[in-house]
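Residue 251 in full-length UniProt numbering sits at position 251 of the sequence shown; the count goes up by one each step and never skips.
Using N, Cα and C, we set each Cβ at its ideal position, and we do this for glycine too.
In this text, all values refer to a predicted model and were calculated from it rather than measured experimentally.
Reviewing the structure listed below.
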Amino acid sequence: MVAPELISPKSPRVSAARRLGKRNFRGKERLFLAEGPQAVREAAAHGGLVEMFTTVDAAERYADIVGEARAAGARVHLADESVIADISTTVTPQGLVGVCRFLDTPFEEILAARPRLVAVLAHVRDPGNAGTVLRCADAAGAEAVILTDASVDLYNPKAVRASVGSLFHLPVAVGVPVEQAVAGLKAAGVRILAADGAGDDDLDDELDQGTMGTPTAWVFGNEAWGLPEETRSLADAVVRVPIHGKAESLNLATAAAVCLYASARAQRAPGGCRSVTSS
Numbered sequence: 001m002v003a004p005e006l007i008s009p010k011s012p013r014v015s016a017a018r019r020l021g022k023r024n025f026r027g028k029e030r031l032f033l034a035e036g037p038q039a040v041r042e043a044a045a046h047g048g049l050v051e052m053f054t055t056v057d058a059a060e061r062y063a064d065i066v067g068e069a070r071a072a073g074a075r076v077h078l079a080d081e082s083v084i085a086d087i088s089t090t091v092t093p094q095g096l097v098g099v100c101r102f103l104d105t106p107f108e109e110i111l112a113a114r115p116r117l118v119a120v121l122a123h124v125r126d127p128g129n130a131g132t133v134l135r136c137a138d139a140a141g142a143e144a145v146i147l148t149d150a151s152v153d154l155y156n157p158k159a160v161r162a163s164v165g166s167l168f169h170l171p172v173a174v175g176v177p178v179e180q181a182v183a184g185l186k187a188a189g190v191r192i193l194a195a196d197g198a199g200d201d202d203l204d205d206e207l208d209q210g211t212m213g214t215p216t217a218w219v220f221g222n223e224a225w226g227l228p229e230e231t232r233s234l235a236d237a238v239v240r241v242p243i244h245g246k247a248e249s250l251n252l253a254t255a256a257a258v259c260l261y262a263s264a265r266a267q268r269a270p271g272g273c274r275s276v277t278s279s
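Here it is, written out as structure tokens:
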């Protein structure tokens with residue numbers, strides 16, 4: 001068995017990686033941490049991985065990931081478990097930590113690609129929710145996610161973990177004022193739907209009326225207070241997810257999944273924007 005190369009948490013490489021747990025250092029270096037085999041594998045596959053720290057056991061268990069990381073040009077360091085624990089932001093590290101370059105995409109590039117399904121996170125402050133919505137958007141086939149300037153840091157370790165690798169799959173714009181996001185998307189021919197439990201329009205009615213098949217951006221608000229009136233007023237419609245049972249409400253990530261999949265289904269139906277494009 002190969003002896004670890006990095007045996008001290010005081011190593012300059014380890015110290016530099018550890019600092020990326022803090023937002024100001026991430027912004028300065030334009031680097032962030034991705035932990036666990038799934039995230040590191042996706043980072044290597046999609047060009048985001050710069051450096052990887054791994055225990056000997058993890059390197060043997062995930063030899064394919066180590067090979068992908070080296071093939072991608074990333075520096076791979078064997079490290080003692082105490083080093084991984086020092087870098088990691090999780091309670092039970094999985095033995096692999098990647099240092100990745102920022103991946104956010106300029107908002108103008110997203111508009112130029114003429115997206116058909118977009119998730120806009122306005123004032124979303126919980127990193128776990130932000131990462132989970134990003135994962136839902138990826139699964140539903142969205143072409144982009146936009147985090148407004150009042151939302152959580154995309155590269156917060158909890159957000160990265162919650163995205164389960166989806167962060168590396170689709171364009172994400174950050175720091176866009178919500179007014180600018182809505183105006184730009186409307187100019188690109190995208191219909192704006194604000195998701196709100198008190199919305200005037202019902203999601204089931206939207207589906208029944210056949211209005212969901214066009215290019216659409218869903219705007220999702222803060223976990224506690226939803227969308228302010230000034231944001232709701234920017235939308236073409238304010239839509240509520242119907243509650244057919246006795247539950248009081250849905251949490252943000254669940255509501256986002258329902259809304260995004262409703263649009264994805266409608267867009268793929270006969271006459272929807274995706275069926276027209278693919279025919």
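Residues near residue i in its chain [Cβ-Cβ closer than 7 angstroms; skip 5 each side]
i    : result
F168 : E42, A43, H46, G48, L103
C273 : R116, G213, T214, P215, Q267
R18  : D86, I87
P177 : T148, D149
S275 : R268, A269
G271 : G213
Burial state of residue i (16 or more Cβ within 10 Å)
i           : result
residue 293 : Past the edges of the chain, shown from 1 to 279, lies residue 293, and the structure says nothing about it.
D196        : buried
T132        : buried
G98         : buried
A224        : exposed
M1          : Model confidence at M1 stands at a pLDDT of 46, short of 50, so the residue's coordinates are unreliable; what they give is reported in the following sentence. Exposed is the call here.
R23         : exposed
G199        : buried
R70         : exposed
R125        : exposed
P93         : buried
E206        : buried
Boundaries (first-last residue) of the alpha helix (DSSP H) holding residue i
i           : result
V258        : 252-268
F168        : Counting along the chain, F168 falls outside any alpha helix (DSSP H), and DSSP gives it neither H nor E.
T214        : Neither: T214 is in no alpha helix (DSSP H) and is coded neither H nor E.
V124        : Counting along the chain, V124 falls outside any alpha helix (DSSP H), and DSSP gives it neither H nor E.
residue 300 : Limits of the chain in this structure are 1 at one end and 279 at the other, which puts residue 300 out of reach.
L111        : 107-112
R19         : 12-19
Where the beta strand (DSSP E) containing residue i begins and where it ends
i    : result
A144 : 144-148
G98  : 96-101
E248 : E248 -> no beta strand (DSSP E), and no H or E assigned at all.
V76  : 75-78
L31  : 31-35
E51  : 49-54
Length of the line joining the Cα atoms of residue i and residue j
i    : j    : result
I192 : T216 : 6 angstroms
S279 : A63  : The predicted model places S279 with a pLDDT of 44, which falls under 50 and marks its position as unreliable; any figure quoted below should be read in that light. Computed Cα separation, rounded: 42 angstroms.
F220 : R161 : 20 angstroms
P242 : L203 : 7 angstroms
K10  : A16  : 10 angstroms
G27  : K246 : 44 angstroms
G141 : A188 : 19 angstroms
P37  : I65  : 7 angstroms
S263 : A256 : 11 angstroms
G226 : A181 : 18 angstroms
T231 : G175 : 16 angstroms
R30  : A173 : 15 angstroms
G184 : S249 : 31 angstroms
K186 : N251 : 27 angstroms
Beta-carbon contacts of residue i that lie in its chain and below 8 angstroms, excluding the five residues immediately before and after
i    : result
A113 : E143, A144, P171
Beta-carbon contacts of residue i that lie in its chain and below 6 angstroms, excluding the five residues immediately before and after
i    : result
A237 : L193, D201
A253 : N129, T132, V133
R135 : S163, V164, S166
A58  : G95, L96
R75  : E51
T89  : G21, P157
P127 : V152, N156, K158, A159
A72  : A44, L49
A39  : G165
V190 : P215, A217
N222 : H123
V120 : I146, A181, A217, V219
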